[in-house]
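Chains as they are written, first to last, in this note's numbering: chain F, 1 to 293; chain V, 1001 to 1312; chain L, 2001 to 2432. In this text, a Cβ means the ideal position worked out from N, Cα and C, and glycines have one as well. Everything below concerns the one structure shown next.
Laid out in structure tokens, this is it:
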């Protein structure tokens, strides 16, 4: 019985393993090897230099800035999309007219091409005729106006807003799926017992959304740790690398300054950071599950 | 009671008549109407107004894209993007569509996205099922191993993958994107499906075993139907990610005949030129399939808990 | 119940299998493989936008006729091109012929032996007769051999709005720095921003540094700095930046240049909010597209003389074609390059892109007066040099552009910025 179970487990894992190794693990190991060399991608030779890149990283201020950015970034980009995405999903669940259309509208941040969306965020954040500054001016908050993407003191947060905006849509989809699993009977029973809305939310709905929470938190954590695309499209890490994340540093080093070895080393470090963070999160959710079981 | 009629099937898997397509009048109808007071109604109205305000703010960038797609470049240059006045034009759409290759690009995007979505969801579900339900020794590590693919910045995999596809002659076909997205997507699918399978009671599987069903049969006919909301949501997300990706098709193709629509949009940007309008129009066109998938699949994952769940 | 749902799921599985394999079969059909048959030659380039597409529609037809070969045209967005060409070179399957930026970027690939020499091709087709020496010396020659075939180029000058200048009382265009400063003061007094700059994407800011250094320290010193033989902490560099800083201190630039892009700066000029913008001839293409009339709506004068006696270099980027060392069929590639060097192809390109043509015989009479003026400036200039990000190696141009953008944000921190640039230069030039 148990051996049959293990047998099936092996069968079920075989094909995914092959595909996954071919597409990810193999190339990943290849990159790990590069991180130990001085390969510049274009030239033919790659000299083995051991852990030099990893030692260099310790003294690289751009690495530390990117690491700090990524850490703050991740903290915000986990909390905000999770909370807003949940609220949005709960709110949208109330909508009864044209609900499919309305829900679809909130999915658009994910559906539209980023290249174009990034351009529109730029138009929102422009200093002279950007929408945000126009609105601020109209409501008498002219003193709050900034050059949102070029002022080094706010640029990071501006880009983060755009990032969270997109991640909210992602969280919303997962929560909507999770809400489907909430047993209505339980909610109704609660109502009969006289529980108010807040109690129902805390004691019935949120506990029932545990799997969705786990997915949303881990996904936004992973996405934030290697956040790249919208940052690249909006600022390319600028002004002068103030908004640079680790993933952007990897990209810049590999493709702008052709230091493929060092880029690989940074991506290995990024990989390890993510692995540890997510590993801890998994361990924590596992423990919670056992306690609740 | 109309509201309970839209109940989802719970994890227990019992069938319920899901007529989620229909409108429901919500408050004021059905047996519980009497217990609902004015407070509930006004609270509801408040929530809707709040949602509306938030919605407009949230959708501003989207509105911006749509607005751009109806403006000509001289118009944007002269008056900026946010002036509501000015001439709106459908030229950008006509231009985007008449551009000889738009249709080829769209077809290629489908040919990549559909198989890659199916492969990643199927394979990810297998892994998720194994680690969540069959639980062999080291399931935690197996999970982490498969999910770890998500931790790798994709740019760093480009060169090794390119070498691979170049050696086996798949370069400049649609295969590399299908293979890479299919394989890379396993990570996300494993993560999502593991979590959802874990919420499915073990008794379901055991009942199947007692009935004499084998593991594949249990997975296919007992577990997967229960996981339908998760599968639908996941397939939607995967479809979106793969559809919108331009990194892989950019690097793994050279011929125009095998380009995807996202590469097409990107190509409209020149070194020293801007084509805001055409780009936006093409982006709106290219988002339609994704939206269609979302609308089609959402009935599986938004059966909709009824209005009574969180308000009141 | 189990039976029913089994049937349903097997249907789903069947559909899934179909969905997977049907496209794969189709994809398989489409894969023709590489072009080693001797007839096909692949050509990758970054002229991907509507203008480029227009040019290459006629160029591809023309070259197919001239060469009798099948040309595989593969346009890629220019930023993406940088990444994709790198991966293709690293992966050992580059296109036979590819466009590239003349200058340090080409030098880099030449040093890595990724470009094949074109000397024989050059001599066989007698290209010295059609391509001016100053241009070929600057853009085609590396390590004493020819590697890049110049295809089109741009000229960087001061583009201005004549109506606005006249309104402020500036009727003759400045020829010297003092005259430029006098004009700027008049404009400022008239409530017009003298200079518009949109440096969100970093590179548009570089031209100010380029010209100020060229006009004060001269092209020879600049070449040394670009090659790592001079220092960013030298007084020459400091002087150039200090002059630029003065313009910021006097409020001659628009507020927060880093917050807008170069087309926005061009809009400010055409709308009359600003008077001048220092940019390349591509800006004429942008204005033409937006129905701003040449000469009446915009005009151009060369960056004025600053230190008398310093040679007046012309500045701009050159796009060229390189032959891959890995090209399987050199004869076919040579045929294609020959066509691309010809007057017809270069004319089509220049006219579509609003660029200038290296081939003297390309007929550009249909271009507007402003473009003719730019072409003349290049012909009469003593030397032609590349803008910063093409003049210095990529390891340096990245931190260098960064430094320039930082300076634009806060010019008062100049000394720190220059020191930072020098330490980046120490790292970048040590490697090679």
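Nearest candidate by alpha-carbon position, reference residue i, set the options
i, options, result
"residue 115/F", "1282/V, 1296/V, 1294/V", "1282/V"
"residue 2192/L", "2168/L, 2262/L, 2177/L, 2102/L", "2168/L"
"residue 122/F", "221/F, 189/F, 234/F, 95/F", "234/F"
"residue 1185/V", "1262/V, 1069/V, 1226/V, 1114/V", "1114/V"
"residue 1054/V", "21/F, 102/F, 50/F, 41/F", "102/F"
"residue 2078/L", "2094/L, 2151/L, 2100/L", "2100/L"
"residue 2157/L", "2249/L, 2173/L, 2059/L, 2396/L", "2173/L"
"residue 1275/V", "2095/L, 2285/L, 2243/L, 2116/L", "2285/L"
"residue 2043/L", "2081/L, 2050/L, 2356/L", "2081/L"
"residue 2433/L", "2224/L, 2350/L, 2249/L, 2089/L", "The first residue shown for chain L is 2001 and the last is 2432, placing residue 2433/L beyond what the model contains."
"residue 2041/L", "1255/V, 1293/V, 1089/V", "1255/V"
"residue 227/F", "71/F, 11/F, 91/F", "71/F"
"residue 2371/L", "2049/L, 2205/L, 2159/L", "2159/L"
"residue 336/F", "262/F, 15/F, 274/F", "Any property of residue 336/F remains undetermined from this structure, which presents chain F solely from 1 to 293."
"residue 2320/L", "2129/L, 2194/L, 2141/L, 2093/L", "2141/L"
"residue 2387/L", "2380/L, 2076/L, 2376/L, 2400/L", "2400/L"
"residue 1127/V", "19/F, 236/F, 213/F, 170/F", "19/F"
Cβ-heavy atom distance, residue i to the ligand GDP, below 8 Å
i, result
"residue 172/F", "Because no ligand of any kind appears in the structure shown, any question about the ligand GDP cannot be addressed here."
is_contact[residue i, chain F] using C-beta, thresh 9 Å
i, result
"residue 2109/L", "yes"
"residue 2164/L", "no"
"residue 1082/V", "yes"
"residue 1106/V", "no"
"residue 2215/L", "no"
"residue 1129/V", "yes"
"residue 1095/V", "no"
Endpoints, beta strand (DSSP E) assigned at residue i
i, result
"residue 2073/L", "2070 to 2075"
"residue 1125/V", "No beta strand (DSSP E) holds residue 1125/V; the alpha helix (DSSP H) holding it covers 1102 to 1129."
"residue 1193/V", "Premise fails: residue 1193/V lies in the alpha helix (DSSP H), 1175 to 1198, not in any beta strand (DSSP E)."
"residue 2044/L", "2040 to 2045"
"residue 2100/L", "2097 to 2101"
"residue 2300/L", "2299 to 2301"
Residue i at chain L interface by Cβ criterion, 9 Å
i, result
"residue 229/F", "no"
"residue 257/F", "yes"
"residue 1168/V", "no"
"residue 238/F", "yes"
"residue 143/F", "no"
"residue 1256/V", "yes"
"residue 1027/V", "For residue 1027/V, the predicted model reports a pLDDT of 36, less than 50, meaning its position is unreliable; a value from the coordinates is still stated below. Chain L contact via Cβ: absent."
"residue 1071/V", "no"
"residue 1163/V", "yes"
Residue span of the alpha helix (DSSP H) that contains residue i, given as start and end
i, result
"residue 2061/L", "2050 to 2067"
"residue 1227/V", "Premise fails: residue 1227/V is in no alpha helix (DSSP H) and is neither H nor E."
"residue 1091/V", "1091 to 1098"
CB contact below 9 Å: residue i versus chain V
i, result
"residue 2088/L", "yes"
"residue 2283/L", "yes"
"residue 2128/L", "no"
"residue 2059/L", "no"
"residue 193/F", "no"
"residue 262/F", "no"
Curious, which full-length beta strand (DSSP E) runs of at least 3 residues does the segment 2148 to 2231 of chain L contain? When DSSP assignments are scanned along the segment 2148 to 2231 of chain L, the uninterrupted stretches of beta strand (DSSP E) that are 3 or more residues long and fall wholly within it turn out to be 2148 to 2153, 2156 to 2160, 2193 to 2195.
With a floor of 3 residues, list each beta strand (DSSP E) that falls wholly inside the segment 2223 to 2290 of chain L, ordered by position along the chain. As summarised for the segment 2223 to 2290 of chain L, the continuous beta strand (DSSP E) elements at least 3 residues long and confined to that stretch are 2274 to 2280, given in chain order.
So within the segment 2309 to 2395 of chain L, which uninterrupted beta strand (DSSP E) runs reach at least 3 residues, ignoring any that extend past its ends? 2318 to 2323
Mind listing which residues of the segment 2256 to 2271 of chain L have their C-beta closer than 9 Å to chain F's C-betas, in chain order? Within the segment 2256 to 2271 of chain L, the residues whose Cβ lies closer than 9 Å to some Cβ of chain F are 2256, 2257, 2258, 2259, 2260, 2261, 2264, 2268, listed in chain order.
Using a Cβ-Cβ cutoff of 7 Å, what residues of the segment 1234 to 1246 of chain V are near chain F? List them in chain order. 1236, 1237, 1240, 1244
Please list, in chain order, the residues of the segment 1055 to 1069 of chain V that have any C-beta partner in chain L closer than 8 Å. Answer in chain order: no residues at all.
Chain-ordered residues of the segment 42 to 71 of chain F with a beta carbon less than 7 Å from chain L: Within the segment 42 to 71 of chain F, 42, 43 place their CB atoms closer than 7 Å to a CB of chain L, listed in sequence order.
When you check each C-beta in the segment 147 to 166 of chain F against every C-beta of chain L, which residues fall closer than 8 Å? 147, 148, 149, 150, 151, 152
Which residues, in order along the segment 1134 to 1160 of chain V, keep a beta-carbon less than 7 Å from a beta-carbon of chain L? 1158, 1159
In the segment 2369 to 2380 of chain L, which residues sit with their C-beta less than 7 Å from some C-beta in chain V, listed in chain order? none
Could I get the ranges of all uninterrupted beta strand (DSSP E) runs contained in the segment 17 to 44 of chain F, with 3 residues as the minimum, in chain order? none
Tell me which residues of the segment 2397 to 2409 of chain L have at least one Cβ-Cβ distance to chain F shorter than 8 Å, keeping chain order. 2398, 2402, 2403, 2405, 2406, 2409
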